[in-house]
Structures are given as structure tokens and as C-alpha cells.
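I have placed the structure first, in the form of C-alpha cells, so that the comments after it can refer back to it.
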């Protein structure tokens with residue numbers, strides 16, 4: 440049981456990292472001073488990026504309909520960790536709308552896209 444818990448914890452950390460990278464991409468490429476996204480969708484994007492090893496946002500959006508996020512990543516505890524990390528790294532507010540939790544990012548327009556968020560690059564290394 441301990442081995443599976445450590446594996447789940449490792450997966451959660453990796454997915455959380457991808458969630459932050461995807462959120463950074465969304466904030467950097469938006470044309471609006473505010474952008475809102477469901478936390479559930481953000482976690483789904485992060486898991487798709489982790490599962491398929493890509494940060495190409497168009498591909499991630501296409502892959503999200505084909506995957507199902509595991510239960511240990513779709514829990515309120517993981518969502519709270521995501522909220523904490525987003526609040527630590529971004530100018531973000533959280534709102535409850537229509538029964539869903541939304542992250543509302545305030546962004547600076549024209550902010551450059553980080554190097555690790557370029558399409559085809561995962562964890563600082565180019566994919567072949």
C-alpha cells in the first residue's frame with residue numbers, strides 16, 4: 440500500500456507541475472486582462488499534458504475528451520492543492536459560479552511566454 444501511495448504522490452506532484460505550466464500558458468497567450476477557467480478543466484488539461492507528455496496546448500485540448508482523470512486527482516484535496524499553488528504563483532481569484540469552482544487570472548498583456556512552455560518541449564527538454 441505504501442508503494443502505491445508514494446506513486447500516487449509522485450503522480451500528483453507531476454500533474455500539479457503540468458497544471459501550473461498549462462495555467463502559465465493560458466495566462467501568457469490570452470488577449471484579455473482577465474481569463475477564467477474551471478478548476479476541473481485545468482486539472483484535466485494538466486493530466487492530459489502529463490499522460491501524453493506534451494505542452495502543445497492545441498493537442499492538450501484535443502486529448503482531454505479522450506482521457507478520464509483518476510479519482511485521486513479529481514478530489515477536493517487535490518483541487519485545494521491546485522488552488523494553493525495557483526495562488527502562490529499567479530495573480531488569481533477563485534469564484535463559485537453555477538456550482539463550479541473557477542480560477543480567474545488577472546494577467547499583464549504582452550507578457551512573454553516562458554521557454555519551458557514552447558510547443559514540443561517537456562521539462563526543459565525537446566521531444567523527438
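In my numbering, the protein residues as written are 440 to 567. Glycine residues also receive a C-beta, built at the ideal position from the N, C-alpha and C atoms.
Check whether residue i and residue j have beta carbons under 9 Å apart
i	j	result
residue 475	residue 521	no
residue 481	residue 450	no
residue 545	residue 535	no
Candidates the options, of which the one nearest residue i by Cα
i	options	result
residue 483	518, 468, 523, 538	518
residue 525	492, 478, 448	478
residue 456	490, 503, 539	490
residue 528	513, 502, 463	463
residue 452	512, 539, 540	512
residue 515	540, 447, 502, 454	540
residue 533	473, 469, 447	473
residue 496	538, 447, 445, 461	461
C-alpha distance - residue i paired with residue j, whole-angstrom precision
i	j	result
residue 465	residue 471	11 Å
residue 389	residue 493	Because the chain in this structure spans residues 440 to 567, residue 389 falls outside the shown range and cannot be described.
residue 510	residue 502	18 Å
residue 454	residue 467	20 Å
residue 448	residue 508	15 Å
residue 469	residue 445	36 Å
residue 558	residue 504	With a pLDDT of 46 at residue 558, under the threshold of 50, the modelled position of this residue cannot be trusted; read the value that follows with caution. If I take the Cα positions, the gap works out to 20 Å.
Nearest-angstrom Cβ-Cβ length linking residue i and residue j, presumed shorter than 8 Å
i	j	result
residue 575	residue 506	In the structure as shown, the chain begins at 440 and stops at 567. Residue 575 is therefore absent and cannot be evaluated.
- Item | Complete alpha helix (DSSP H) runs within the segment 505–556 (minimum length 4 residues, chain order) | 515–528
Only counting runs of 3 or more residues, tell me where the beta strand (DSSP E) segments fall wholly within the segment 458–503, in order along the chain. 473–477
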